Each structure stands twice: as C-alpha cells, then as structure tokens.
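**Q**
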Amino acid sequence: MSNTFQSFVGVWRIGDCEAINKFYFSGPIIDGVVDDGTKEVRIALTVATTEPYIQILTLEMNNKGPNLRTVQRLEGARHVFLLKDSIIGYGSLYGDDTFPLISDWRTLATKRLLPALYLNNMNSLLGDVHSTCRAMSIWRDHIFVVLNYSVEVFRIPSFESLTNKYHQRGSQSLYFPMARDDDERGWVAEAFINEIQESPSDITPDEKECFLRIALRDRTEGVFILTLIQSLNDLEFHWKEVPSRDDALYQGALKTCMGSSGEYLLDLSTTDRAMYPVTLEIIRANHTMSKEEGVDRRFAVRSTTPILSSPEQLPLDSTTALDFDDAAGVILVGNCRGEINIVQLIDTEANLRSCYLDDLPPACNDTNGLIQNPIPMRLPHCYYLSNKILDAIVPPIVREEAIESWCNSLGFADINPPRGWSTDWRRNTSLHHWVLPFPRWCTLSVDKRLEQVDMMNCYIRGRLGSLGDIIPLMYYERKHDFVIFKISQRIYYPG
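Dropping the structure here:
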C-alpha cells in the first residue's frame, strides 16, 4: 500500500485475507517482480523516495510465520522488469533511460543492453524515435527485451568478463510484424512475456517447447498476442504469424495482463454495455490461420467473457496492477488504495491456505533490515503542496528542490545560453509546468490532479513514453514556456 502518508509491503494469508507481517518504506512502491522459479522466493521493488532505489527481498519462514528479509539494494535504479536467479533487469539508472540495464544483484556488476536496432541505425537513439523498455524475460539462455519498436535479443552476459565490461550488444532485432512502415512504429504502451510450458494447438511438432507468448497493448488501446519461436535447427528467433494492425484481438483496453498459459488475456476497459463504466474482460484468441501470398496470418477471432462488478465490490477505476492465473482461474486486482482483490472464476477444491509456506527456506539469524512500524515518507515537496501548483503557484521550497535536482544532472551546470535565452529558473514564470518529477502512483489523486493542470512534463512523458527524468535546460526570455529540455543525453526543443 502507498499514499502520501505511509507505504508498506505486506505478507498476506489469502484464505483469511489477513496480513501476517507488514514492512514499511519511506517511499511509494511503484512496481515489482517476483522470482519463484526455485525453492527461494525473491521480490524486487522500486521504492520511489526522493532518491529512488530498487530493493530486493527474500521470502522465508521464522517462528512467527512467513517473513521478508532484505538481500540487496540498487541505489538510483528504478522501473524493474526482470528478476531471475542472480540477474535483475530494469529501465533506468539515476534518471538515465537511454538503454535498459541488467545487474548481477549479488555483486552489483552492471551492464547496459545495446539493442541491435541501435547498432544498425544510431539515429534510433534520437528524438521521438528513442525506444523505451516495456518488458524483459529470460528464455533459452537469452534475454528478451520488448521496446517500443521491436523485440531485442541478447545473450546472457558473463559479468566477470573484461570484454565489453559495461555493455552487452544485442544479437538480433525483431520488428513487430504489425508495423508495415516507419509511420506505424513506436506504438507499444504495455507488454507482457510468458514462457509457455505446454504447447498450444497452433505449435507444430518441430517447435515444441521452443516459444514465447508476447502480449502487447498499443497507444491506440489495441491488444495483440504474438508467438516467438525458435525451430530446433535454427539459431535465430522469428515470429510464427504475421498479423496486421487490423487484426487486434481487442480495441479499447486501458490496461492488460496475459494469463500464465499465454492463451488468455485480462483487459481492463470502459464499456457501454453495463451500468458500470470500467469492467474486466477475459479474452481468448482463437488461432485461426490462413495463408495470403505465402504468409501466415492470425485473424482477430476471439471469445470474450465480461466480468462486471459494482464499485462497492471491486473499484476498478483505481486499478494499478493486474495478475491472472488462468490455469487456476484466479485474478488479482490491486488498486492505488493498497487493496488486493481476489476474483475466483471457477470452483476448485484447491486449498489456498496451504500454498507453499511449508517449502519456504528457514529465516537467517541476521536482522532483516526492514522496519515494521510506520515511518515518515520522503517525497518531493510538490506532492505536499499540490494545491498551490494547481493554481500555477510554485512555493520557494518546491522551486529550490526542483532546481537542485536538475543541477545534479550531467551537463546541466555547463550550459552557456545564447542571447535571448536564460537558465535563471528562479525568474521563470512557467516553472509549474516542470516541477513534477516522474509519476509515483499512476492513478492516485495527487498524481492525477497535478497532471490535470496541463503540466508540460506530463504531456512530454505521455507523448514520448519515457522512463527517464525530464530536465529543462534553458527557456526563451520573451516566452517563458518555450523551453529546451533533455531526457538522458537526448535534447528536445519546441517545434
């Protein structure tokens, strides 16, 4: 749970909806992933204090029941996408999102992932076409990264190697088959990757156990499911089908989540078919294939199951996270109020209380490093003084805090503006457009209210989909809202 007053991570017993333990943090938890592929269960969370970091925890048993213990902390890292064994993948480091990053969390050795897309065309790093990370996964000794334009493939690196010590070069770039030309690129808003354990009916014998399902939601709210395969005698990966932009499985999704089998999607959307404006809908793609000009195409044939709920039972309008186990028929819906709602779709005799508690490793003797009592939040002051900013007033403490954070950015202090331009932000009359840092709550009212002021950095973030920090560099003295700014090493100016 996270709000402007407290933030905690809880260990819950699902059968009783009872919190066994709560551990408090000084900033909101904005994202997280779990690695439960072995007996140990590890969790990685982005804690968005004034100085964000990624916290890695392990779930274990002590004499009081399930417990969380800290195992590592990555300072300056945020937007975690992957946790697998000793590898953690994330989207930005100290506000720089130029390349996705991976680290060995045991040693903190870190490498930037240089996509093959950039190696073949360095212009892809510039301007609007910079490609933001949306998802990561490890499969068949490779790391798969979903970017705005493509899926990038990397070999799992050796962090001990002195060759290319600080970066890993991509081995393959796969453009999305829906994009016919450059005008249709750069459209991914959300992505999920699942390795499928049981082969569905559309996978041929020579491709058994060798494929990934990738679900995508584009910026027009269209949803697609793609299959990435590697034939047994082929070293490269390729798409199984080639759908068109007209073959979206769903249109109008606000948020989506792929089921654990890769066959079903869970979509959060608005609807005019019920009295409630926001609903959940389960979608199954029927694998109807045809050949046109020698190319396989998957048609947008789907079956849907709407899940309607009243706001009193399931307040979907404040949803921040979805998870879907379509094998067990269980949906988890998290919202910005810190609630986790469990929806059971089918009758089952499975005992949810047993789970895997008996299989958790015993707790270590050392202290877990977590705080079990509420502690003050450390947030940028703009969150506490949002009413002023709504009126286009920037209090001095907010102004100085914002300027100080910009000054810490590489190259900010070296700017020598040309005639007619200024870097004196204390005199800028449009500063309220720039003081909100990256969003910390998605749907929570304090972020939403600030975004509704028509703040320029909120518009820019929505337009570019960037994970990095937006740093204003200089403004035109005759028109203070005419600003040159940067994100990482990319420079932007008003058109």
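Residue numbers (our numbering): 9 to 503. All C-beta atoms in this analysis are idealised placements derived from N, C-alpha and C, irrespective of residue type, glycine included. In this text, all values refer to a predicted model and were calculated from it rather than measured experimentally.
1) Going by DSSP, which residues form a beta bridge with I495?
2) Tell me, which residues are paired with M144 by DSSP?
3) Reducing DSSP to helix, strand and coil, say where K173 ends up.
4) Contact between the segment 255-262 and the segment 215-235 is defined here as three or more beta-carbon pairs at a separation below 8 Å; is this criterion met?
5) Rounded to whole angstroms, how far is the Cβ of A199 from the Cβ of A117, which I believe are closer than 8 Å?
6) What does a CB cutoff of less than 6 Å around G135 pick up in its chain, not counting 5 residues either side in sequence?
7) Kindly list the residues whose CB is nearer than 6 Å to the CB of L322, restricted to its own chain and excluding five residues on each side of it in sequence; keep chain order.
8) Could you give the distance in angstroms between the alpha-carbon of R50 and the alpha-carbon of P165?
9) Give the straight-line distance between the Cα atoms of S179 and A400, rounded to the nearest whole angstrom.
10) Just tell me which of H488, L182 and K119 has its CA closest to the CA of V161.
11) Are the CB atoms of G337 and L353 nearer to each other than 8 Å?
12) Report the residue ranges of all alpha helix (DSSP H) runs contained in full by the segment 377-438; include only those spanning at least 4 residues, in chain order.
13) Do you know whose CA, among D242, S94 and Y102, lies nearest G517's CA?
14) When we look at the beta-carbon of H246 and count the other beta-carbons within 10 Å, is it buried (16 or more) or exposed?
15) For P74, write down the residues that DSSP places opposite it in a beta bridge.
16) Please report the residue range of the beta strand (DSSP E) in which L91 lies.
17) Using CA atoms only, rank isn't needed, just tell me which of D432, Y174 and M186 is closest to V159.
18) Can you tell which of R471, W414 and D432 has the C-alpha that lies nearest to the C-alpha of D104?
19) Pop quiz: R163 and L122 are said to be a contact at Cβ under 8 Å. What is the actual Cβ separation, rounded to whole angstroms?
20) Should the segment 432-445 be called in touch with the segment 464-479, which here means at least 3 C-beta pairs below 8 Å?
21) When burial is assigned at 16 or more other CB atoms within 10 Å of the CB, is V286 buried or exposed?
22) Go through its chain and collect everything with a Cβ distance to A56's Cβ below 6 Å, but skip five positions before and after it.
23) Measure the Cβ-Cβ separation of P388 and T58 and say whether it is below 8 Å.
24) Give every residue of the same chain whose Cβ lies closer than 8 Å to the Cβ of F490, excluding the five residues on either side of it in the sequence, and list them in chain order.
25) Around the Cβ of R86, are there at least 16 other Cβ atoms within 10 angstroms (buried) or fewer (exposed)?
26) Does A308 pass the burial test, meaning 16 or more other C-beta atoms within 10 Å, or should it be called exposed?
27) Do you know whose CA, among P426, Q497, A371 and R486, lies nearest L418's CA?
28) Quick one: is D422 buried, meaning 16 or more other Cβ sit within 10 Å of its Cβ, or exposed?
29) Using DSSP with H/G/I as helix, E/B as strand and the rest coil, what is D325?
30) Could you tell me which of S268, R407, P384 and K248 sits nearest to S394, measuring between CA atoms?
**A** Answer, in terms of the structure:
1) I478 and R498
2) V153
3) coil
4) yes
5) In fact, because the Cβ distance is near 27 Å, the residues do not count as touching under 8 Å.
6) At G135 the pLDDT is 47, less than 50, meaning the model places this residue with poor confidence; the figure from the coordinates comes in the next sentence. Here the set comprises nothing.
7) N349
8) 21 Å
9) 49 Å
10) L182
11) yes
12) 394-398 and 404-415
13) For residue 517 there is no data in the structure shown, the boundaries of the chain being 9 and 503.
14) exposed
15) M69
16) A85 to K92
17) M186
18) W414
19) About 12 Å separates the two Cβ atoms, so there is no contact after all.
20) yes
21) buried
22) G35, P36, I38 and R448
23) yes
24) Y483, Y484 and P502
25) buried
26) Here A308 scores only 45 on pLDDT, less than 50, and its place in the model should not be relied on; the value that follows carries that caveat. Buried: at least 16 other Cβ atoms inside 10 Å.
27) Q497
28) exposed
29) helix
30) R407
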